[in-house]
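With the numbering used here applied, the sequence shown closes on residue 176, and no number is skipped along the way. Report on one structure; see the data block that follows.
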Amino acid sequence: MKRRDGLAALGFLLPYGLLFTTFLLVPLAYGFWISLHKWQLLSHSAPFVGTANYGDILKDELFRISVTRTALFVLMTVPVGNALSLALASGLNQNYKTTSLLKVVFYLPVVLSVSVVALLWRWMYDAGSGLINRTFDIEVPWLASTTLALPSFALMSIWWGVGGNMLVYLAALKGV
Numbered sequence: 001m002k003r004r005d006g007l008a009a010l011g012f013l014l015p016y017g018l019l020f021t022t023f024l025l026v027p028l029a030y031g032f033w034i035s036l037h038k039w040q041l042l043s044h045s046a047p048f049v050g051t052a053n054y055g056d057i058l059k060d061e062l063f064r065i066s067v068t069r070t071a072l073f074v075l076m077t078v079p080v081g082n083a084l085s086l087a088l089a090s091g092l093n094q095n096y097k098t099t100s101l102l103k104v105v106f107y108l109p110v111v112l113s114v115s116v117v118a119l120l121w122r123w124m125y126d127a128g129s130g131l132i133n134r135t136f137d138i139e140v141p142w143l144a145s146t147t148l149a150l151p152s153f154a155l156m157s158i159w160w161g162v163g164g165n166m167l168v169y170l171a172a173l174k175g176v
C-alpha cells in the first residue's frame, strides 16, 4: 500500500516538476548563462566576460536611479496599500446591509486590465481636462511633474490592488 501511495504521489508531482523545470529553472539558468557573455545584437559572437556585466551595471548611474525610484515606489505603495486594505477589511467584517455591495465595489478594480486602469487614470490626471483638475478647479500636471509623477502612479497602483489584499485580509478575519 505504501509503494502505491508513493507512486501516486510521484504521478501527481511529476507534471508539476516538469513544468517547474521547463518554465522556471531552465529559463533562469539560461538567463544567467547569457548574463555572463557580451552579446552583440547583429553579430553571432558572444564572448564570455564573466561577471564584468554585473560590475558594469553596478557602476551605471541609470541603474542606480532605477533602483532608487523602485524602492521609493515600494515604500509608497506597500505600507499604504496594506494599511488601507486592512482598514477596509476590518470595516467590511461587520454585517451591514451594504457589506456585499461594498465588497464588490472595492474588488472591482482588481479585475480590470492594466491598460484599462492606465487609461482611466491618465484621463483623471490629464492636466487640461482631467477629472481631478476640473473637480478641484486646479491645473496640476500630475504625470508631467518630476515631483508628482511617482506619487501619482503609486496612488493608481494602490487603488488597483487594494481590493485583492482586502479580500485576503477579510478571509483571515473571518477565519477561513
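By construction, the Cβ of each residue, glycine as well, lies at the ideal position given by its N, Cα and C atoms.
The alpha carbon of Trp160 has as its nearest neighbour, out of Gly175, Leu173, Phe106, the alpha carbon of Phe106. When the five nearest sequence neighbours on each side are left out, the beta carbons in the same chain lying within less than 7 Å of the beta carbon of Leu84 are those of Ile158, Val162, in order along the chain. Between the stretch 120-129 and the stretch 142-152, the count of C-beta pairs closer than 8 Å reaches three or more; the two stretches touch. For Pro141, there is no enclosing alpha helix (DSSP H), as DSSP marks it with neither H nor E. By the beta-carbon neighbour count (other beta carbons within 10 angstroms, threshold 16), Asn95 is exposed. For Trp159, the enclosing alpha helix (DSSP H) begins and ends at 149-174. Short of 6 Å from the beta carbon of Ser66, and not among the five residues preceding or following it, lies no beta carbon of its own chain.
Using a C-beta cut-off of 8 Å, the stretch 47-66 makes contact with the stretch 30-37, since at least three inter-stretch Cβ pairs fall below that distance. Per DSSP, Lys38 lies in no alpha helix (DSSP H) segment and is marked neither H nor E.
Around the beta carbon of Ser100, fewer than 16 other beta carbons sit within 10 angstroms, so the residue counts as exposed. Apart from the 5 residues on each side of it in sequence, Gly130 sits with its Cβ closer than 8 Å to the Cβ of Trp123, Met124, Trp142 in its chain, given in chain order. Taking the Cα of Met76 as reference, the smallest distance to any Cα among Tyr169, Thr135, Asn133, Met156 is reached at Met156. Rounded to whole angstroms, Tyr30 and Phe23 show a C-alpha spacing of 11 Å.
By DSSP's assignment, Phe48 forms a beta bridge with His37.
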